[in-house]
Structure formats: C-alpha cells, structure tokens
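*Asks:* For the sequence shown, the residue numbers in UniProt numbering are 1 to 329. Mind having a look at this structure? Questions to follow.
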Amino acid sequence: MSSSNRSNPRRALSLPLPLRQPQQQIAIVPLPLSPSKQHINFSQLDRLNRIGSRSSGTVYKVLHRPTNTLFALKVIERTHDEDFLRQIRQEIEILREVDNLNVVKCHDMHERAGEIQVLLEYMDCRSLEGIHLSDESSLADHTRQILSGLCYLHRRKIVHRGIKPSNLLVNSKKQVKIADFGVSRILEQNIMGTIAYMSPERINTDIIKGKYDECAGDIWSVGVSILEFYIGRFPFAVERQGDWPSLICAICMTHPPEAPSTASPEFRDFVGCCLQTDPTRRWTAAQLLTHPFVKGGTLANGSYTQMDRGSVHPTHRQLPPRPPRIFSF
C-alpha cells in the first residue's frame, strides 16, 4: 500500500449502495415473437430434470424430440409488473443476437400463461465454482476463453455486471462460457450474492464520483475469479461468516489481493492488471488477451481439483439470509 494511503485516517463504514443501473426508456418487444424468429416449437421439448433454481428463475435440462438435441430451459414466472417484463423481453432480444464461442447461446424465447421461457445452450459439465486450478497453462487457457467472450460482449456495449465462478460454465469439450447475465441480472433480487466480486468503485461510489465504468467493473470481477481459481480460496480474508461490513472494508479500503510469490511473474502481473483500485488503470478485455500470461496458455489435459469445502471461506460459501442494515432497500 502506498504511503499516501497509509496516511489517510480510517474512515467509518458508511458506504453508499452499489450503483444501480440507470433508468432507460424500454422499447416494447411484442410477444409472441414473429414466426421468422422462432426456430423451436416449445411444445416439442421434454423436461428431463431440474438443473437449478434461484430468484432469476428455474432452469431445466430439456430434450427437443425432433432433433434429439439437449437444451437448458430457463422458466421465469410472470409475477412482475409489465414494465419489468418489457425489460426482460428486451434483454432476451439482445441476447438472441449474441453469437460467440465463449458465451452461452440464447436460442429462443416463448411466452405462455404465467411464465416466460428462455431456451439456452446446454452445458453438460458444471460451473467453475469451487474449482482449484493451479496449473498455469490450463488456467491461462480458461482465462483466454473468458476474456474472449467478455471482449466480444464489451465491443457490443454489453456488460455482465455479475462475473463470478458460478456464472462461468464448462462443457465436456473444455469450452468455458460466460452465462447468467441479462435476464438473470434484472431478476436477481439479492445484491449480496455478487458483492464479493464487485469492484471497489461499484460499492463505494466516492472513488469515482459516480462515473462508473461498467466494463472496468467486469475486469475486476474476472481478476478476483481467476485468482480464486489459482489459490483455491476466495482471495479476500474475512473473519466471520456473513461478515459483510468486513468484506466491504477489505474490498474498498485495503490493497487489492495479489498472486502468491510462487506464481510466475506473468501471472502475478496479469492479476495486477485486473485488480487495480483505480478503474482507469485496469486493462481492457482486449488488452488482457495480449498479455504474456494469456498468450502463453495451452489447453491442458489435467483434471480439475475440487476445493475442499473447508478451504472456501464461509463468507464466500454461505450468504446471509438478508442484506445487513446498512444495505436496507
């Protein structure tokens, strides 16, 4: 930490809420979609099993009978007001145009009584949550794929706002893809689920005087996630489960975490390029793709090591049932 930072008096914990998304005029997207855009007959989908459920909806593994193709089907209950639903429809329309090898494909959407259904690419392995990947060649390849997808999105002025290990999926071909943005970001009610990976300036808007660069925020989240994969635990140390004030202080008021000295100089520098407190000093996704650590990566055949549950910090493993008082909203 610089001498100027050490000389600053310790501030009381009175941080404002992370920036909310700016209110925008939302175009009305009529449903059902025009026949020219509909490629899948949703009545021909068989639900095989439930993959998961969260506030953004329930996801099922489904089979398209005519083609014997597996998909993931996200089902969103229509319990929100119409303006909210219009925003969801608009987001889905944007996501349907996204076509990148490292972004989970949104194939189609359908609305029926009581719910909106979103048909997504099926990832047949798992998320990268809880993964320990200390082999730098394999980690570099994973990093390259994540940055490739993120660079594609950022060039189209699409930001994720929720990059974290559980939103990075891998399939049996060892393709890593970014998932769970757009609709999930709108519907996710508990901001605390992602705050551990938020950039300092998103939590404490005083850092940038309200001028938040969302792309730079995504880069911070990537840096925290990649460092977590390497060291096998969440990079910020917090003493007690659910101690959100301490976590926020660690993110906003301490020096960013660094790769251990045993890591290569290239990886240590890469982490430093992502985890700059000043967002204007962070590298962009396009720049990071040219970093020596990323360019030196090769697809490794080694298997993942699952983190021991005891090595994952409880604050990261289990979120509190509701936000603390300072985040009342």
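The beta-carbon is built from N, C-alpha and C at its ideal position, and this holds for glycine as well. Quick caveat, the model's predicted, so the values are computed rather than measured.
Let me know the secondary structure DSSP gives G130 once reduced to three states.
*Replies:* As a position in the sequence shown, residue 130 is number 130, starting the count at 1. Of the three classes helix, strand and coil, the one that applies to G130 here is coil, per DSSP.
*Asks:* From H110 to I94, what distance separates their C-alpha atoms?
*Replies:* Counting from one through the sequence shown, the residue named residue 110 turns up at place 110. Counting from one through the sequence shown, the residue named residue 94 turns up at place 94. If I take the Cα positions, the gap works out to 15 Å.
*Asks:* What's the gap between the Cα of K61 and the Cα of D108?
*Replies:* Stepping through the sequence shown from its first residue, residue 61 is reached at position 61. Stepping through the sequence shown from its first residue, residue 108 is reached at position 108. The alpha-carbon atoms of K61 and D108 are separated by roughly 15 Å.
*Asks:* Between the Cα of M123 and those of Q175, H142, D213, L247, spot the shortest distance and give me the residue it belongs to.
*Replies:* Numbered from its first residue, the sequence shown carries residue 123 at position 123. Comparing Cα positions, the closest option is Q175.
*Asks:* Measuring straight from C-alpha to C-alpha, what distance separates K157 and E97?
*Replies:* As a working note, residue 157 is residue 157 in the sequence shown. As a working note, residue 97 is residue 97 in the sequence shown. Between K157 and E97, the C-alpha separation is close to 13 Å.
*Asks:* Quick one: is D218 buried, meaning 16 or more other Cβ sit within 10 Å of its Cβ, or exposed?
*Replies:* Residue numbering aside, residue 218 sits at position 218 when the sequence shown is read from its first letter. Flag for D218 reads buried.
*Asks:* Using a Cβ-Cβ cutoff of less than 6 Å, which residues in the same chain neighbour P165 once the five nearest sequence positions on both sides are dropped?
*Replies:* On the sequence shown, residue 165 is found 165 positions in, with the first residue counted as 1. Taken in chain order, the residues that qualify are L128, E129, S225.
*Asks:* Nearest-angstrom Cα distance between M253 and S221?
*Replies:* What you label residue 253 is simply residue 253 of the sequence shown in a count that begins at 1. What you label residue 221 is simply residue 221 of the sequence shown in a count that begins at 1. Their backbone Cα atoms lie some 17 Å apart in a straight line.
*Asks:* What's the gap between the Cα of V29 and the Cα of L85?
*Replies:* Mapped onto the sequence shown, residue 29 falls at position 29. Mapped onto the sequence shown, residue 85 falls at position 85. Here V29 scores only 35 on pLDDT, less than 50, and its place in the model should not be relied on; the value that follows carries that caveat. Each residue's alpha carbon lies about 10 Å from the other.
*Asks:* For V118 and D81, I'd like the C-alpha separation in whole angstroms.
*Replies:* The residue given as residue 118 occupies position 118 in the sequence shown. The residue given as residue 81 occupies position 81 in the sequence shown. Spanning the two alpha carbons is a distance of roughly 18 Å.
*Asks:* Which same chain residues, not among the five before or five after D46, have their C-beta less than 7 Å away from its C-beta?
*Replies:* Counting from 1 along the sequence shown, the entry for residue 46 is found at position 46. Here the set comprises V62, L63, R65.
*Asks:* Going by the DSSP bridge assignment, what does L73 pair with across the sheet?
*Replies:* If you number the sequence shown from 1, residue 73 lands on position 73. For L73, which the question treats as bridged, DSSP gives the partners Y60, L119.
*Asks:* Ignore the nearest five residues each way along the sequence and tell me which others in F270's own chain have a CB closer than 6 Å to its CB.
*Replies:* Translated into the one-based positions of the sequence shown, residue 270 becomes position 270. The answer, listed in chain order, is H291, F293.
*Asks:* Count the other C-beta atoms from every protein chain shown that fall within 10 angstroms of the C-beta of P257, then say buried if there are 16 or more, exposed otherwise.
*Replies:* Against the sequence shown, residue 257 aligns to sequence position 257. It counts as buried.
*Asks:* Note down, in chain order, each residue of its chain lying with its Cβ closer than 6 Å to the Cβ of D308, except the 5 sequence neighbours on either side.
*Replies:* Sequence index remark: in the sequence shown, residue 308 carries index 308 (1-based). Low local confidence applies: a pLDDT of 41 at D308 is under 50, so the model's placement there is unreliable, with the coordinate-based value given in what follows. Answer for D308: no residue qualifies.
*Asks:* Helix, strand or coil, according to DSSP, for S221 in the structure here?
*Replies:* The residue labelled residue 221 in the question sits at position 221 within the sequence shown. Three-state result, S221: helix.
*Asks:* With a Cβ-Cβ cutoff of 9 Å, do I76 and E115 count as a contact?
*Replies:* Within the sequence shown, residue 76 is the residue found at index 76, counting from 1. Within the sequence shown, residue 115 is the residue found at index 115, counting from 1. The answer is yes: Cβ separation under 9 Å.
*Asks:* At which residue ranges does the stretch 132-175 contain complete alpha helix (DSSP H) runs of 4 or more residues, listed in the order of the chain?
*Replies:* List check, alpha helix (DSSP H) in window: 136-155.
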